[in-house]
Amino acid sequence: MGRNELCITVPNLFRCPISLDVMKSPVSLCTGVTYDRSSIQHWLESGHDTCPATMQVLATKDFIPNLTLHRLINLWTQSSTRRPDSGNSTPTATTVSEQQVGIWIEEIKRLRLESLGKMVEFLRYSDENRTFFVRFDGLIEAIVVVLRRDGVEIQILELIVRVLDLILLQNGIREKLHRLVFKSNQNCLSSFLSVIQNGRSKSKIQAVRVLESISINNETKRFVAETHNLMPVLFHLLKTENDPALHDSVLSLLISIAVTRSIKIQIVQLGLIEVLSETLCNKNVTVSLVEKSLKLLSLFRRARKVEMQ
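Note that our numbering numbers the sequence shown so that position 301 is 336, with each residue one more than the last.
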């Protein structure tokens, strides 16, 4: 397959829930969820004791090879490789050229839901696809144009946030997005806030994660924290939503943006202690949530000691 054409369609079952790439060595945890061996090993070696997909605490960190799924992936790969040569069947894998990606970037500005969906599918397929995609001029600019608009449908904003979440780790994207988003003042952040308020749980997580990632210095962290209504919305999620992954992402953002005394006071007034107490008293709480809760408490305790000196 050449550099200018990349495969984009793959059954979701064959993707690792962590990397989103096709699994090369699928292994299953005791929860029954299957991951690529390298991805789950890295997760476990980082100190986690939960299943990333279900957030259940693992009874054992052992995993077993999923030989059945491995065979299915191999069969699918062989079939997909042969099928384009057959004139009598419809290919299961679609290819995307440089020209098509250029068209997609133009259609971002026109808010084409179908094109955005195809883009997300393309980016989910592999890191190679993501690297291929982000080298096109005008991509981030086109996305920021949409984020600056008023009245964009929530389904469009969710897909835009999904695209950003998928490409943020690519070289230079985080810094470029940071410059463009904060250059636009409050406009872009209003779109993120819309997704955090009204999107699906996964989209809320992605929006919070993107905000944290692009807030790369104290100035922009203050800017995010002072965005109209963001902090109350974050605490509303902590008090009303039950998704541990969502709580984890929100606490991570709070740790990141709590850079001034006034921000810390606001966080306390919104109910930080109540939220963290409830989290830490939950017998099913994940290790990551405990760690973040304790880190937040530590931040505020240190700040209080400095004030008293």
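Glycine included, each C-beta is placed from N, C-alpha and C at the ideal position.
- A distance of 9 angstroms or more separates the beta carbons of residue 226 and residue 292.
- Its chain contains 314 as the residues whose beta carbon lies nearer than 7 angstroms to that of residue 320, once the 5 sequence neighbours on both sides are disregarded; these appear in chain order.
- Contact check for residue 204 against residue 245 fails: the beta carbons are separated by 9 angstroms or more.
- For the 9 angstroms CB-CB criterion, residue 104 and residue 61 form a contact.
- According to the DSSP assignment, residue 66 belongs to no alpha helix (DSSP H), since it is labelled neither H nor E.
- A direct Cα-Cα distance of roughly 8 angstroms separates residue 273 from residue 285.
- Taking a cut-off of 8 angstroms on C-beta distances, the segment 323-335 touches the segment 294-312, as three or more cross pairs fall below it.
- Beyond the five residues adjoining it in sequence on each side, residue 56 comes within less than 6 angstroms, by CB distance, of 161 in the same chain, given in chain order.
- Bridge partners of residue 50 according to DSSP: 57.
- With a cutoff of 9 angstroms on beta-carbon distance, residue 191 and residue 178 are scored as not near each other.
- The beta carbons of residue 109 and residue 63 sit no closer together than 9 angstroms.
- Our two residues, residue 279 and residue 78, have alpha carbons roughly 17 angstroms apart in a direct line.
- Excluding its 5 nearest sequence neighbours in each direction, residue 87 has C-beta neighbours in its own chain below 7 angstroms: 52, 53 and 78, listed in chain order.
- Taking the C-beta atoms as reference points, residue 154 is found no nearer than 9 angstroms to residue 216.
- When rounded, the separation of the alpha-carbon atoms in residue 139 and residue 299 is 42 angstroms.
- Rounded to whole angstroms, the separation of the alpha carbons of residue 80 and residue 147 is 41 angstroms.
- Straight-line measurement puts the Cα of residue 242 at about 13 angstroms from the Cα of residue 287.
- Residue 92 sits in a strand when the DSSP states are folded into three classes.
- If you compare the alpha carbons of 264, 95 and 328 with that of residue 290, the shortest gap goes to 328.
- Per DSSP, residue 293 lies in no alpha helix (DSSP H) segment and is marked neither H nor E.
- In the displayed model, residue 189 falls within a helix according to three-state DSSP.
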